[in-house]
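What follows is a set of notes on a single structure, which appears directly below.
Protein chains: 2
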Amino acid sequence: MSNQERSEERWCCSPVTAEPLSAEQAADLSAVFKALGDPVRLRLLSLIAAHAGGEACVCDLSGAFDLSGPTISHHLKVLREAGAITGERRGTWVYYRVLPETLQRLSAVLGPAPAVSTSA
Amino acid sequence: MSNQERSEERWCCSPVTAEPLSAEQAADLSAVFKALGDPVRLRLLSLIAAHAGGEACVCDLSGAFDLSGPTISHHLKVLREAGAITGERRGTWVYYRVLPETLQRLSAVLGPAPAVSTSA
Chain A
42 MSNQERSEER WCCSPVTAEP LSAEQAADLS AVFKALGDPV RLRLLSLIAA
92 HAGGEACVCD LSGAFDLSGP TISHHLKVLR EAGAITGERR GTWVYYRVLP
142 ETLQRLSAVL GPAPAVSTSA
Chain B
42 MSNQERSEER WCCSPVTAEP LSAEQAADLS AVFKALGDPV RLRLLSLIAA
92 HAGGEACVCD LSGAFDLSGP TISHHLKVLR EAGAITGERR GTWVYYRVLP
142 ETLQRLSAVL GPAPAVSTSA
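Chains as they are written, first to last, in my numbering: chain A, 42 to 161; chain B, 42 to 161.
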C-alpha cells in the first residue's frame, strides 16, 4: 500500500497507552516498524535524517557500510516503500529525505498518553 | 541481549534528525522495531498498554484474535525478549505490562530534534 492509499483515519494514531490500535492501524504501522527493524536500514534512516540539508544520496551513505551499492539500494527501496523516506532523482543521483510525518506518527503512537486536563 | 545488558550509553538516543545512530545503537533499537514489525504483536502491545491498570493476561487478550493460545504466547515472548513488555506470574496467569522506558526511547529516537535556543 502506498502512502497515498492510506486513509488519514486508519493511519492516525493515539498513543497505544491511550487506546488499543485497530487491526487496520496495526497492519499499517507494523509495516513501517518492520522496515525499521533492520540495523542497516535504521542507520541509513538516521544518516539521511541527520545529513546536511536533510537529504543524502547513496554517494553520501555507502562509506558508512561495508556493503555493496546494490545492497544499500535495496535497503533504501524498502524504506521508501514503507513510506519512511522519499527519493528524488537530480542528475546522476537520487537524493533521499525522511518523511517527517511518518516518523512523527510512529513517535506519537509510542509516546506517552497526552496529559488530561483535570480542571472543571 | 537482555535489557540489563544494554548499557545506557549505547541504548540512549538523540532523535535521528539530530545525529546519526552508531552501528551499536542501530542494532539495539532495530531489534525492538523488528518485534513491533508484526501486526499481531503491535496490537498485543497496544491492548496491554491500554488495558485497565496497564496490565493484561492472555485471558484478556486472546478474544481479540482468531489465533491459538500458543501462537499468542509466542508473540508475547518475542515482545518480552525485545524488552517491550514484562510479565509477572500471579496464580494461574502471567500478567503483562509495557516497559514505558523502551517505548519512550523509541519515540524519542523517531521524534523531532529538540528546539535549539537561539538566545545569546
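Beta carbons: idealized from backbone N, C-alpha and C, even for Gly.
task = Over the uninterrupted beta strand (DSSP E) stretch that includes E96(A), give me the two end residues.
result = As a position in the first sequence, residue 96(A) is number 55, starting the count at 1. Segment 96-98, the beta strand (DSSP E) holding E96(A).
request  = Go through the segment 93-147 of chain A residue by residue and report every complete run of the beta strand (DSSP E) that reaches 3 residues or more, in order.
outcome  = 96-98, 126-131, 134-139
task = With 7 Å as the limit, tell me which residues of the segment 57-74 of chain A have their beta carbon closer than that to any beta carbon of chain B; keep them in chain order.
result = V57, T58, A59, E60, P61, L62, A64, A67, A68, L70, S71, F74
query = Between G124(B) and L140(B), is the Cβ-Cβ spacing less than 8 Å?
reply = Taking the second sequence and counting its residues from 1, one reaches residue 124(B) at position 83. Taking the second sequence and counting its residues from 1, one reaches residue 140(B) at position 99. Against a cut-off of 8 Å, the Cβ pair of L140(B) and G124(B) comes out as a contact.
ask   = Can you list, in chain order, the residues of its chain whose CB lies under 8 Å from that of F74(B), leaving out five sequence neighbours each side?
value = Here residue 74(B) refers to the residue found at position 33 of the second sequence. Contacts found: L147.
ask   = Out of curiosity, what's the CA-to-CA distance linking L62(A) and S71(A)?
value = Taking the first residue of the first sequence as 1, we reach residue 62(A) at position 21. Taking the first residue of the first sequence as 1, we reach residue 71(A) at position 30. Rounded to whole angstroms, L62(A) to S71(A) spans 11 Å at the Cα level.
message = On the DSSP letters alone, give me the boundaries of the alpha helix (DSSP H) that V81(A) sits inside.
response = To locate residue 81(A), count along the first sequence from 1; it is residue 40. Looking at the DSSP string, the run of the alpha helix (DSSP H) that includes V81(A) is 80-91.
Cα-Cα separation, E50(B) to D101(A) = Indexing the second sequence from 1 puts residue 50(B) at position 9. Indexing the first sequence from 1 puts residue 101(A) at position 60. Any answer about E50(B) is weak, because its pLDDT of 45 lies below 50 and its placement is not dependable; what the coordinates show is given next. The alpha-carbon atoms of E50(B) and D101(A) are separated by roughly 26 Å.
ask   = What residues of chain A sit near S77(B), judged by a beta carbon separation below 7 Å?
value = Here residue 77(B) refers to the residue found at position 36 when the second sequence is read from its first residue. What sits at residue 77(B) in the sequence shown is Leu, not Ser. Here the neighbours are S71, F74.
message = Would you say G124(A) lies against chain B (beta-carbon separation less than 8 Å)?
response = As a working mapping, residue 124(A) is identified with position 83 in the first sequence. Not closer than 8 Å to any Cβ of chain B, the Cβ of G124(A) fails to qualify, so no.
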